[in-house]
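>
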Amino acid sequence: MTTFYILVGYLSLLLGLGVISNRFFKGTSADFFVVSRSVGSFLLLMSIFGTTMTGFALVGSTGKAYSSGIGVYGLMASWSGLIHSAVFFAVGIKLWAVGKRYGYVTQCEYFRDRFESDRLGYLLFPILVLLVIPYLLVGVIAAGKFIQPTTAGLFMDAFPMPDLPSGKPHPLSGGIPPWLGSGVICLIVLFYVFFGGLRGAVWANTFQTIVFMITGVIAFWMISKNLGGLKAASEAVVASEFASNRLGREGMMGKLQFFSYCFIPLSVGMFPHLFQHWLTAKSAKSFKLTVVAHPIFIMIVWIPCILIGIWAAAHLGPLGPGQTPNSVLGRMVGQLVHSPVLSGLVGAGVLAAIMS
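According to this note's numbering, the sequence shown is numbered sequentially starting from 116.
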């Protein structure tokens, strides 16, 4: 239960951040939506980076690497690192300048005035909401998918699952079901955003980014250590008939597919939540650290996740009935991070990446 208590404690800290950030609220729309344009370089970097790191960045990337191999890093991380920073520099700084000059606090205001059409503003609002819902759902679903294997065996009476066809106990039996875990995460995020405004989101994102980067490195070190080290873990992949092809791109993804993924990161310029973070900057100089450090941070987060996914193909083998690649990270943490305290901290880190 130690792991569960650490997760509960972490989520409670986020609720506390929401309460504290509410005490700094100045009672204006500019303060609620753009933190009175007072966010400096470090907070801007951490909040923007945390916002771009969805559930796919940790849970999904590990599962994708399990299925498609090492080429997933170039497919998603390399393209994102280069294109995100280019968009921040070419688009983000200019939009911040325009927003500050004319007092914009939302994306719809900018497009309404830019094209001199109130109707466009009304039209864009539902479109942007519909655009961001699937993006947010990725994180919500990933949170539920991670919590279940991490808490497996803790609540056997409350959340039992039928045995596998082979007669063995289901590996996820006793874990908090995805619908419940995802629901709790939604309520907590709603709380600190509703009461703290964007200040609450910036503070929470900064805190969560620090947590998931530190715990991610710890998880990677613990998993690699318990697999015998980096060399032994990679040699096990080579020796595995099921996993050996994960170390190359050939046969796992085509060249056209690889190239097509360069267009996906361009969407970063249209997401309402990222647009909103751009408007919070204190000055144009605040973007400098974000433009430079964002690709480095992506590398720090993605390389461990990709390697864990590849190692999982050798360590776990083919997935059984009812199991999906999205459960791979949770299972690797549950099986190879033997300390309940470290498991709880790593679990908190994964939730931090998903919720930020």
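C-beta atoms are modelled at their ideal positions from N, C-alpha and C, and glycine is treated no differently.
Alpha carbon to alpha carbon, what distance is there between F226 and H388?
Each residue's Cα considered, the two are about 15 Å apart.
> Would you call the region 323 to 334 in contact with the region 290 to 303, where contact means no fewer than 3 C-beta pairs closer than 8 Å?
With the cut-off at 8 Å, the region 323 to 334 and the region 290 to 303 do not touch.
> Quick one: what's got a C-beta closer than 6 Å to R446's C-beta in the same chain, skipping five residues either side?
If we look at R446 and ignore the five residues flanking it on each side, its Cβ neighbours are P264.
> Among all the DSSP beta bridges, which residues are the ones paired with V75?
This structure cannot speak to residue 75, because the chain is shown only from 116 to 471.
> Quick check: the Cα distance between K340 and F310, rounded to an integer number of angstroms?
The alpha-carbon atoms of K340 and F310 are separated by roughly 42 Å.
> Measure from the alpha carbon of A316 to the alpha carbon of each residue in G133, L128, F119, then state which is nearest.
If we check each option's Cα against that of A316, G133 comes out closest.
> Look up L342 in the DSSP assignment and say whether it is helix, strand or coil.
Looking at L342 - three-state DSSP - the assignment turns out to be coil, as it is neither helix nor strand.
> Could you tell me whether the region 457 to 471 touches the region 119 to 132, where touching means 3 or more Cβ pairs closer than 8 Å?
With the cut-off at 8 Å, the region 457 to 471 and the region 119 to 132 touch.
> Threshold first: 3 residues or longer. Then list the beta strand (DSSP E) segments lying entirely within the region 212 to 253, N to C.
Runs of the beta strand (DSSP E) inside the region 212 to 253: none found.
> From which residue to which residue does the alpha helix (DSSP H) around K403 run?
Looking at the DSSP string, the run of the alpha helix (DSSP H) that includes K403 is 402 to 431.
> Could you work out which residue in V187, V416, L362, L159 is closest to I208 when comparing CA atoms only?
Closest by alpha carbon: L159.
> Return the chain-ordered list of same chain residues with a C-beta closer than 8 Å to the C-beta of G449, the five sequence neighbours on each side being excluded.
Hits under 8 Å: P264, T265, A267, S458.
> Kindly give me the distance between the Cβ atoms of G175 and F373, rounded to whole angstroms, as I take these residues to be in contact under 8 Å.
About 17 Å; that fails the 8 Å criterion.
> Report the three-state DSSP secondary structure of G290 (helix, strand or coil).
DSSP places G290 in coil when its eight states are reduced to three.
> What number of angstroms, rounded off, separates the C-alpha of L102 from the C-alpha of A429?
There is no way to answer for residue 102, as the model of the chain reaches only from 116 to 471.
> Rounded to whole angstroms, how far is the Cβ of V383 from the Cβ of H199, which I believe are closer than 8 Å?
Between H199 and V383 the Cβ distance is about 5 Å, and since that is below 8 Å, they are a contact.
> Nearest to S144 by CA position, among F204, Y219, A468, F261, is which residue?
Nearest option by C-alpha distance: Y219.
> Taking DSSP as the reference, what is the three-state secondary structure of D146?
Reduced to three states, the DSSP call for D146 is helix.
> Would F274 pass as a contact of G290 if the rule is Cβ separation under 8 Å?
Yes, the Cβ-Cβ distance between F274 and G290 is below 8 Å.
> Would you call the CB atoms of G165 and N360 closer than 8 Å?
Contact flag unset, no.
> Indicate the three-state DSSP secondary structure (helix, strand or coil) for L371 in the structure shown.
Helix at L371.
> For M191 and Y307, which I take to be in contact (beta-carbon distance under 8 Å), what is that distance rounded to the nearest angstrom?
Contact flag wrong, Cβ pair sits at about 28 Å.
> First and last residue of the alpha helix (DSSP H) that includes I379?
Run containing I379: none; DSSP gives neither H nor E here.
> By Cβ distance, which residues of its chain are closer than 6 Å to S136, with the 5 residues on each side in sequence left out?
Cβ neighbours of S136 beyond the five flanking positions: G311, R314, G315, W318.
> Out of curiosity, what's the CA-to-CA distance linking W426 and S183?
For W426 and S183, the distance between alpha carbons rounds to 12 Å.
> Note down the Cα distance separating I379 from F386, rounded to an integer number of angstroms.
Computed Cα separation, rounded: 12 Å.
> By alpha-carbon positions, which one of L466, I423, M470, G464 ends up nearest to G178?
Ranking L466, I423, M470, G464 by Cα distance to G178 puts I423 first.
> Put H199 into one of helix, strand or coil per three-state DSSP.
Note: H199 maps to helix in three-state DSSP.
> Taking Cβ to Cβ, would you say F147 is nearer than 8 Å to F139?
No, the Cβ-Cβ distance between F147 and F139 is not below 8 Å.
> Closest to I185 by C-alpha separation, out of S349, P410, L287, would be which residue?
When each option's Cα is compared against that of I185, the closest is S349.
> Compare the Cα-Cα distances from P293 to each of M276, V255, F270, P277 and report the closest residue.
It is V255.
> By Cβ distance below 6 Å, which residues in the same chain neighbour G181 in space, the five residues on each side in sequence not counted?
According to the sequence provided, residue 181 is Tyr. The question's Gly does not apply to it. Contacts found: G424, A427, A428, P440, V443.
> CB V150 to CB T395, shorter than 8 Å?
Contact flag set, yes.
> In or out: S232 buried (at least 16 other Cβ within 10 Å) or exposed?
With fewer than 16 Cβ atoms within 10 Å of its Cβ, S232 is classed as exposed.
> Taking the alpha helix (DSSP H) that V446 belongs to, which residues open and close that run?
Per the sequence presented here, residue 446 reads as Arg, with Val not at that position. Element bounds for R446: 443 to 451.
> Where does Q86 fall in DSSP's three states?
The structure shown has nothing for residue 86, since the chain only spans 116 to 471.
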